[in-house]
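Top to bottom, those sequences are chains A and B. The numbering of the first sequence is our numbering, which starts it at 1 and goes up by one. The numbering of the second sequence is our numbering, which starts it at 453 and goes up by one. Where a beta carbon is used, it is the ideal one built from N, C-alpha and C, also for glycine. Keep in mind it's a predicted model, so treat the numbers as computed, not measured. The structure appears below as structure tokens.
2 protein chains.
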Amino acid sequence: MNKIKPSLAKGTRDFGPDEMEIREYVMNIFKDVFNLYGFRSIQTPSIENTEVLTGNYGEEGDKLIFRILNSGDFLKNTSEKDLNDQNNLKSKISSKALRYDLTVPLARYVSMNQDKISIPFKRYQIQPVWRADRPQKGRFREFYQCDVDYIGTNSKLCEAEIIDLVYTLFDKLKITDIDFKLNNRKILQGIAETLNFPERFNEICIMIDKIDKIGFDKFEKELNDKKFELSSIKKLIKILKFKGSNTEKINFIEDIIKNSNTGIEGIKEIREIDELNENYILDFSLARGLSYYTSSIFEVKSNKESIGSLCGGGRYENLTEKFGVKNMPGIGISFGMERIFELLDCNDNIQNVINDNKVLLSYLDVKFIPKCLEIANKLRVNNISVDLVTDNFKLKKQLKYANKNNIPYVLIVGEDEINTNYFTLKNMKNGEQEKKSIDDIISKMKSINKNE
Amino acid sequence: MNKIKPSLAKGTRDFGPDEMEIREYVMNIFKDVFNLYGFRSIQTPSIENTEVLTGNYGEEGDKLIFRILNSGDFLKNTSEKDLNDQNNLKSKISSKALRYDLTVPLARYVSMNQDKISIPFKRYQIQPVWRADRPQKGRFREFYQCDVDYIGTNSKLCEAEIIDLVYTLFDKLKITDIDFKLNNRKILQGIAETLNFPERFNEICIMIDKIDKIGFDKFEKELNDKKFELSSIKKLIKILKFKGSNTEKINFIEDIIKNSNTGIEGIKEIREIDELNENYILDFSLARGLSYYTSSIFEVKSNKESIGSLCGGGRYENLTEKFGVKNMPGIGISFGMERIFELLDCNDNIQNVINDNKVLLSYLDVKFIPKCLEIANKLRVNNISVDLVTDNFKLKKQLKYANKNNIPYVLIVGEDEINTNYFTLKNMKNGEQEKKSIDDIISKMKSINKNE
Chain A
1 MNKIKPSLAK
11 GTRDFGPDEM
21 EIREYVMNIF
31 KDVFNLYGFR
41 SIQTPSIENT
51 EVLTGNYGEE
61 GDKLIFRILN
71 SGDFLKNTSE
81 KDLNDQNNLK
91 SKISSKALRY
101 DLTVPLARYV
111 SMNQDKISIP
121 FKRYQIQPVW
131 RADRPQKGRF
141 REFYQCDVDY
151 IGTNSKLCEA
161 EIIDLVYTLF
171 DKLKITDIDF
181 KLNNRKILQG
191 IAETLNFPER
201 FNEICIMIDK
211 IDKIGFDKFE
221 KELNDKKFEL
231 SSIKKLIKIL
241 KFKGSNTEKI
251 NFIEDIIKNS
261 NTGIEGIKEI
271 REIDELNENY
281 ILDFSLARGL
291 SYYTSSIFEV
301 KSNKESIGSL
311 CGGGRYENLT
321 EKFGVKNMPG
331 IGISFGMERI
341 FELLDCNDNI
351 QNVINDNKVL
361 LSYLDVKFIP
371 KCLEIANKLR
381 VNNISVDLVT
391 DNFKLKKQLK
401 YANKNNIPYV
411 LIVGEDEINT
421 NYFTLKNMKN
431 GEQEKKSIDD
441 IISKMKSINK
451 NE
Chain B
453 MNKIKPSLAK
463 GTRDFGPDEM
473 EIREYVMNIF
483 KDVFNLYGFR
493 SIQTPSIENT
503 EVLTGNYGEE
513 GDKLIFRILN
523 SGDFLKNTSE
533 KDLNDQNNLK
543 SKISSKALRY
553 DLTVPLARYV
563 SMNQDKISIP
573 FKRYQIQPVW
583 RADRPQKGRF
593 REFYQCDVDY
603 IGTNSKLCEA
613 EIIDLVYTLF
623 DKLKITDIDF
633 KLNNRKILQG
643 IAETLNFPER
653 FNEICIMIDK
663 IDKIGFDKFE
673 KELNDKKFEL
683 SSIKKLIKIL
693 KFKGSNTEKI
703 NFIEDIIKNS
713 NTGIEGIKEI
723 REIDELNENY
733 ILDFSLARGL
743 SYYTSSIFEV
753 KSNKESIGSL
763 CGGGRYENLT
773 EKFGVKNMPG
783 IGISFGMERI
793 FELLDCNDNI
803 QNVINDNKVL
813 LSYLDVKFIP
823 KCLEIANKLR
833 VNNISVDLVT
843 DNFKLKKQLK
853 YANKNNIPYV
863 LIVGEDEINT
873 NYFTLKNMKN
883 GEQEKKSIDD
893 IISKMKSINK
903 NE
């Protein structure tokens, strides 16, 4: 056999057992909370027909789509001429590509399954996506996305529920000190109209979106450079910096944009949400870069950690336009899954609960293995995770195995223990040992599980 | 925007909410049981460098690997000459490929992480794989595999634990009436030596593996056609058809192959397993097609359903040979995940437990929505899944929504209910209605959850 040096493809990662424990724990909390709020899971294939994906992500985005080479004789439909036109050749030799995000597959799914799903359709989707980006710190070519959407509804109950869902989720993840920031694209449109640059709306949204990073001084300078009117710039910055309660902010902006119908509509929408759920911070400086959003937009950041946004989203007018299906407005929220994994990887609160309920059965001689299997069975019937070292390791090496595998308790089985029916249980975190009957050990382990 | 007809790539599937509920439920049981037995999860990237994958699956297998087109100027390293040699061209324009199974990535992972993992290493992995197979009923181009392995050990405790794990798993999946069939490649080798065709060992294993499908008559005929000695054929069939307890079988075969050292070693290994766990059926007609296996081999079939094998596996001598790493013997078991999903999709026992704990909050007028949100919050704090129809549907349409989304209970909120604080709870399966306080509804829903 030819020997090969093992390597990972550029920009990809393995997840070992310790990392997977965090990832699974976090994903399960996500799924549980989405279910709690009546969202249901779908999964779409990793491979999509290329024409489904291209044309959605802009020219730059399209270049980052991973294409799959046609199988078999991939050159069969190509001519001499195709070889001189790389773009043309590409589409002839690769008709499939890897999923680039979860929104386009959702739009395809909804378009193809209108008869099967019930509208409004509430779905969540947690799956990896692939992008041929240049890998760098924190940016990978394969990473998870996590999207939650309501499709086929304009109801403001959606926003009210999403606010609750977000706080419930981060509470369960023990990520506290977060703010749910809400704004409405129509209010921003109203501002743009009032300040006399309605045609530069998308441009200004992208610029406002960057204030967090560049600060107000640089923002002002950029507006100057881009030839916005000086009086408009001053007024805009005054609006964006306005401080007060949500009600004060609504009243303040209403007075400014009262002549814009779109702006007034945006205010009406915020008031509708406010009647159902007040647990948000109205923030006129929230813009979101995507031109896709048409009404409510929102974002959640941690006030403690400087890791950017934890989730964000907004309302869109028609999800399925590309596939010729009309009347599918909706609202979506996208969670920065990988960022949240990273944040929680260093969180001791999370680390401590994950492995609490595990025991290594450690035998002082191989002749005790049958007894160990009997004990293992008793513990497992009670939902306690049990590992046994398969090979004849000395006790010290077995304890090391427990540590390396994050197993917090070792149950030692030796001659004495078998004769007295009292077994040594060693807590690997603090080194404490106690002798207990198997029933008492089971009770102890079960109570640990309940404290989670 | 250009309109595109939405379509799925050939051989791929969407999984809607109903299908996902089964899949998630089943996967969680798999994960729970693997954890219960001390196996830990890893995940490897979907994309691997091509040379890691090729050369492992035979010439036919290699052809089924999905290759990824290099991004950017994919022709830059190609010459005129390459265009005439499609194989050569392929390797120049695609240096990455999609995961074809979970064994090769495991071998790569172990080879690259010898310093991080503890040996013996117990891992499970549940991820999709991709094969450019011709799609047909039950065969897809993207499907889940589920592998569990011990790496770096020869201990027969592995087999003893695997037998237990398999029975525990299928018990929790409510798949009963299964047999764990065990054999040992060394015993088969001993038979081949005794019957004078040791050099045709792999050939005979592949043929024995097919008896289940073709029956003994056809098997005998094929052996004749392939010029096996008549006396050997008769003896072989007598061995394969021998009936008795495991002990009787061991004694029977021991007498026949007593002059084969390899055969005797195989018998010794079975006896070692037998001392630790008797819960298997020794079956000399179990051969497994893969030449990869060197000692214990096993397979589980349902006695009730004719859907082929539910899982199978065996012991191998060195997992990491391809990557130049020595001394990594192990034992693995592979579950037919998709087959099990299919089997359980029609299982009412499973269907009934999945959605038991869900409520649709149904309002008779939009003015009750704030009250609904208050009730939703109370239920969700108690881990009861609550959905609300976002739009102003008539009650009948709300009930239909509940049915379409498999929500078993509808809690109706109207004027009467709010005034009396007694709410109507409708069981959507049997149509029964009762009036209860919110606290009583919570107790009822929580008790349902516990009965699972």
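Applying the criterion that 16 or more other CB atoms from any shown protein chain within 10 Å of the CB defines a buried residue, is Pro128 (chain A) buried or exposed?
buried
Identify whether Glu794 (chain B) lies in helix, strand or coil by the three-state DSSP scheme.
helix
Quick one: residues in its chain with C-beta nearer than 8 Å to the C-beta of Ser437 (chain A), no 5 flanking neighbours on either side, listed in chain order?
Asn421, Tyr422, Phe423
Which same chain residues end up closer than 6 Å to Asp164 (chain A) when comparing Cβ atoms and leaving out the 5 residues on each side of it in sequence?
none
Against chain B, which members of the segment 312-333 of chain A pass a CB distance test of less than 7 Å?
Glu321, Lys322, Phe323, Gly324
Spatially closest choice to Tyr552 (chain B) from B:Ile660, B:Asp585, B:Lys701, by CA coordinates
B:Asp585
Evaluate Lys528 (chain B) with the Cβ neighbour count: other Cβ atoms within 10 Å of its Cβ, from every protein chain shown; 16 or more gives buried, anything less gives exposed.
exposed
Between the Cα of Glu159 (chain A) and those of A:Ser306, A:Met207, A:Glu299, spot the shortest distance and give me the residue it belongs to.
A:Glu299
Quick one: is Tyr861 (chain B) near chain A, going by C-beta distance under 8 Å?
no
Taking Tyr150 (chain A) and Gly313 (chain A) to be in contact with their CB atoms under 8 Å, please state how far apart those CB atoms are, rounded to whole angstroms.
Not quite, the Cβ-Cβ distance comes to about 10 Å (not below 8 Å), so this is no contact.
Should Val386 (chain A) be flagged as near chain B, meaning a C-beta pair shorter than 8 Å?
yes
Measuring only between beta-carbons, confirm whether Lys548 (chain B) sits less than 8 Å from chain A.
yes
Burial state of Asp839 (chain B) (16 or more Cβ within 10 Å)
buried
Let's test the definition: count the other Cβ atoms within 10 Å of the Cβ of Arg123 (chain A) and tell me whether it reaches 16, buried, or not, exposed.
buried
Compile a chain-ordered list of the residues in the segment 458-483 of chain B whose CB is closer than 9 Å to at least one CB of chain A.
Pro458, Ser459, Leu460, Ala461, Lys462, Gly463, Thr464, Arg465, Asp466, Phe467, Gly468, Pro469, Asp470, Glu471, Met472, Glu473, Arg475, Glu476, Asn480, Lys483
If Arg185 (chain A) sits next to Thr294 (chain A), beta carbons under 8 Å apart, how far is it from one beta carbon to the other, in whole angstroms?
6 Å
Under 8 Å, do Glu500 (chain B) and Ala9 (chain A) count as touching if we go by C-beta distance?
yes
Return no unless some Cβ of chain B is closer than 8 Å to the Cβ of Tyr144 (chain A).
no
Alpha-carbon to alpha-carbon, Cys372 (chain A) and Glu338 (chain A):
40 Å
Could you check where the beta strand (DSSP E) with Thr876 (chain B) kicks off and where it finishes?
875-879
According to DSSP, is Phe680 (chain B) helix, strand or coil?
coil
Shortest alpha-carbon distance to Phe526 (chain B) belongs to which of A:Lys400, A:Glu193, A:Lys63, A:Asn56?
A:Lys63
Which value, in whole angstroms, describes the spacing of the CA atoms of Pro45 (chain A) and Asn430 (chain A)?
47 Å
At 9 Å on the CB atoms, spell out the chain A contacts of Glu511 (chain B), in chain order.
Near Glu511 (chain B) there are no residues of chain A at all, since even the closest Cβ is about 14 Å away, more than 9 Å.
Taking 8 Å as the threshold (beta carbon to beta carbon), is Tyr445 (chain B) in contact with chain A?
Residue 445 (chain B) lies beyond the stretch modelled for chain B, which goes from 453 to 904, so this question has no answer here.
Does the segment 179-194 of chain A come close enough to the segment 246-262 of chain A that 3 or more CB-CB pairs lie under 8 Å?
yes
Of all Cβ atoms in chain D, is any one closer than 8 Å to the Cβ of Ser493 (chain B)?
The structure shown contains no chain D; the protein chains it does contain are A and B.
Under 9 Å by beta carbon: chain A residues contacting Ser498 (chain B):
Thr12, Ser46, Leu98, Pro128, Trp130, Glu142
May I ask which residues mark the beginning and end of the beta strand (DSSP E) holding Ala612 (chain B)?
Here Ala612 (chain B) belongs to no beta strand (DSSP E); instead the alpha helix (DSSP H) covers 609-624.
Would you grab the beta carbon distance between Phe518 (chain B) and Ile68 (chain A) for me? Rounded to a whole angstrom, and I think it's under 8 Å.
5 Å
May I have a chain-ordered list of the beta strand (DSSP E) segments no shorter than 3 residues that lie completely inside the segment 96-128 of chain A?
96-98
Run down chain A in chain order and give the residues with a C-beta less than 8 Å from the C-beta of Glu503 (chain B).
Ile4
Sequence-distant residues of its chain with Cβ nearer than 6 Å to Leu675 (chain B) (five each side left out):
Ile685
Cβ separation of Leu319 (chain A) and Val110 (chain A), assumed to be a contact under 8 Å, to the nearest whole Å:
6 Å
Would you please verify whether the beta carbon of Asn183 (chain A) is less than 8 Å from any beta carbon of chain B?
no
Would you tell me roughly how many angstroms separate the C-alpha atoms of Ile827 (chain B) and Lys116 (chain A), rounded to the nearest one?
30 Å
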